[in-house]
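When you number the sequence shown by our numbering, it's gap-free, plus one each residue, and the end is 402.
Notes to accompany the following structure.
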Amino acid sequence: VSLPREKPAFPIKSARYVISAVYPDQYPLSDRPEVAFAGRSNVGKSTLLNKLLMRRKLARTGATPGRTQTINFFDINDAFYFVDLPGYGYAKVPLSVKAAWRPMVESYLTADRDLRMIVLLMDIRRDVRPEEVDLLAWLDQLDLPALIVATKADKVSRNKLPARLAAIRKGLNLEHPPVAFSSVTGQGREEIWHYLSHIMGLNEETEAPDEMD
Ligand SMILES: Nc1nc2c(ncn2[C@@H]2O[C@H](COP(=O)(O)OP(=O)(O)O)[C@@H](O)[C@H]2O)c(=O)[nH]1
Ligand SMILES: [Mg+2]
């Protein structure tokens with residue numbers, strides 16, 4: 190018996206790791222739109238990337254939280270980049286690594302690239318922290334739109350979900366509630382793709398991909 194295959198929310202024809210960059214001269218040529226993903230270490234950033242792309246192991250998950258202190262570029266459909274920013278706020282990360290985060294991310298955010306949006310991930314169970322408030326204020330100054338995604342939505346009961354979303358919305362003073370996402374149930378995937386394809390000017394109506402993985 191074969192289970193029905195999950196319907197792709199967006200046609201992914203190819204998804205390819207390009208490079209882990211530290212310095213701007215290591216970034217790939219900026220010849221297409223891109224979206225960057227940010228959040229505390231362990232928030233589920235790699236998991237979200239893999240789920241959006243329907244690739245189980247493209248971005249490495251779990252293992253050593255807070256150690257991914259590079260900016261990782263992924264080429265999607267030869268049409269746009271997904272950019273995995275280093276996670277912040279993990280307690281066990283050495284101070285030297287923490288100190289490197291801001292200049293590394295600042296160099297990226299202020300580089301002359303076709304960066305359309307930052308997807309900021311927050312664990313749905315956690316309250317907003319000053320880092321997230323600061324990051325959003327910073328993005329606002331740079332005129333960069335942000336999409337807030339509340340991850341691990343399967344970890345809270347259905348009836349508590351609206352209150353968690355409201356708390357994050359209030360904590361970040363958002364115009365709209367965040368998108369609830371779960372890698373377990375797939376909740377939120379289509380909605381995130383809807384925003385991504387819109388902001389990058391991609392056509393969702395193109396043909397479906399053949400396969401994943
Ligand atoms: N239950 C549940 N666990 C998740 C979800 N997303 C991520 N995780 C788990 O959270 C841990 C950290 O995920 P990872 O993607 O490596 O986080 P990153 O450090 O932000 O890249 C892993 O053990 C994941 O399996 C989710 O939506 N639901
Ligand atoms: Mg990761």
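Here a beta-carbon is modelled for each residue, glycine too, at the ideal position from N, C-alpha and C.
The model shown is predicted, which means the values in this text are computed figures rather than measured ones.
- Rounded to the nearest whole angstrom, the CA to CA distance from I260 to I208 is 8 Å.
- Distances from the CA of P334 to each of I357, D267, Y212 and L309 were compared; the closest alpha carbon is that of L309.
- Minimum Cα-Cα distance from R249 among the listed residues D267, P275 and D214 corresponds to P275.
- Taking C-beta atoms as the reference points, L354 and M306 fail to come closer than 8 Å.
- The C-beta distance from F262 to W382 rounds to 19 Å, too long to meet the 8 Å contact threshold.
- For D273 against L238, the beta-carbon gap comes to about 6 Å, under 8 Å, which counts as contact.
- As a beta-bridge residue in DSSP terms, D264 pairs with R205 and Y270.
- Looking from the CA of K240, the closest CA among G390, E380 and G375 belongs to G375.
- In this structure Q258 is buried. Its beta-carbon is surrounded by 16 or more other beta-carbon atoms within 10 angstroms.
- Around the CB of T299, fewer than 16 other CB atoms lie within 10 Å, so the residue is classed as exposed.
- In this structure, K234 has its CB closer than 7 Å to one or more heavy atoms of ligand 2.
- In the DSSP annotation of this structure, the continuous segment of the beta strand (DSSP E) that includes I307 starts and ends at L304 to D312.
- The beta carbon of F269 is closer than 8 Å to those of R221, P222, E223, V224, M389 and L391 in its chain, skipping five residues each way along the sequence.
- By the 16-neighbour rule on beta-carbons within 10 angstroms, V322 is exposed.
- Setting aside the 5 residues that flank it on each side, G377 is surrounded in the same chain by V368, A369 and F370, each with a C-beta closer than 6 Å to its C-beta; the list follows chain order.
- Where L325 is concerned, the enclosing alpha helix (DSSP H) starts and stops at P319 to Q330.
- If you draw a straight line from the Cα of A342 to the Cα of M243, it comes to about 19 Å.
- For a cut-off of 8 Å, the C-beta gap from V232 to M293 is around 18 Å, too long to register as a contact.
- Excluding sequence positions up to five before and after D301, its CB lies within less than 8 Å of the CB of S219, all in the same chain and listed in chain order.
- G377 has its CB no nearer than 7 Å to any heavy atom of ligand 2.
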